[in-house]
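Step one of this worksheet: look at the structure below.
Right under this line is the structure:
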């Protein structure tokens, strides 16, 4: 499923950023760009885990990949400049982020950084979440059956934002997937000033703790989302029904992180996942696992997806 979900989300993202879909582009440089970007992404993931990774490895391929990515995006910036210089309103198309950035600033490096940063955050995170939903459904056929009963109640040709949002079991399946197999396994924040956190200190971990300015505070979502005191003794089990009655604190469930740097596109990502999952479940009466490895084995880059992918069989209705 990952080989189907990734191109779908990738096309949506690149059309929004650059004005065209990369996976359907005849430009061979698009494939080279994606390979280079993914290599760099994996290397950044290693550096996050091992801060001195680049010091000891001196990976020249990483810097080559970085240059390929920058040069590729620069080409789209140049095209955006040409489009914006045109006075003809007929040539103005739908919203393209590159075009809007060109209208705001002429600093090419700043535009490139903004586009690459947005691409990093958007190009595979939604696809990983979508794939993880099917990963869990394939291992829980009773959940798939219950979900199908719910989504068959809506007209596939009239599925609106409000209708999809109103389907409680679909919403809970996506939430449980985000809890048990989070797209981002861990993150960090650096203290901008000396501060005191209300808990985390002392033998019990419940006393206040002093955090010095410049300290990097790491947090792991796999651990956070499996706390039995929050999610029950079956916290390691995929059970969407728990969300029917479960009340969690705002910092106990962080699929899109939180605070000032919370993901700005979370509602769009959730709607893309819900819509795609609903349409697949409507058209296929069951899903079967085809992976001999049942447990979720993480492949960590910046996102955390299944190392084995999502090997399933979909049985047509």
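Numbering (mature numbering (1 follows the signal peptide of the UniProt record, and there is no 0)), first residue to last: -19 to -1, 1 to 298.
C-beta: ideal position from N, C-alpha, C; glycine also.
Under the rule that 16 or more other beta-carbon atoms within 10 Å means buried, what is residue i, buried or exposed?
i           : result
residue -11 : buried
residue 276 : exposed
residue 53  : buried
residue 123 : exposed
residue 176 : exposed
residue -17 : exposed
residue 117 : buried
residue 59  : exposed
Provide the residue span of the alpha helix (DSSP H) that contains residue i, from first to last.
i           : result
residue 141 : Premise fails: residue 141 is in no alpha helix (DSSP H) and is neither H nor E.
residue -9  : -18 to -2
residue 79  : 78 to 85
With a threshold of 7 Å on Cβ separation, who are the neighbours of residue i within its own chain once the five nearest residues in sequence on each side are excluded?
i           : result
residue 40  : 24
residue 65  : 80, 83, 84
residue 71  : Interpretation of residue 71 is limited by its pLDDT of 48, a score under 50 that renders its predicted location unreliable; the figure taken from the coordinates is listed afterwards. None.
residue 131 : 148, 150, 151
Near residue i, which residues of its chain fall below 6 Å by C-beta distance, leaving aside the five closest residues on each side in sequence?
i           : result
residue 216 : 207, 209
residue 295 : 265, 268
State yes or no: is the C-beta of residue i within less than 8 Å of the C-beta of residue j?
i           : j           : result
residue 119 : residue 268 : yes
residue 159 : residue 236 : yes
residue 145 : residue 259 : yes
residue 105 : residue 251 : no
residue 293 : residue 115 : yes
residue 61  : residue 21  : no
residue 201 : residue 162 : no
residue 26  : residue 281 : yes
Considering only residues of the same chain and omitting the five flanking positions on each side of residue i, which have a CB-CB separation below 8 Å?
i           : result
residue 238 : 165, 168, 244
residue 256 : 140, 145
residue 231 : 239
How would you write the range of the beta strand (DSSP E) that residue i sits in, first residue to last?
i           : result
residue 176 : 176 to 182
residue 296 : 293 to 297
residue 268 : 265 to 270
Considering Cα atoms alone, identify which of the options is closest to residue i.
i           : options            : result
residue 127 : 196, 184, 189, 220 : 220
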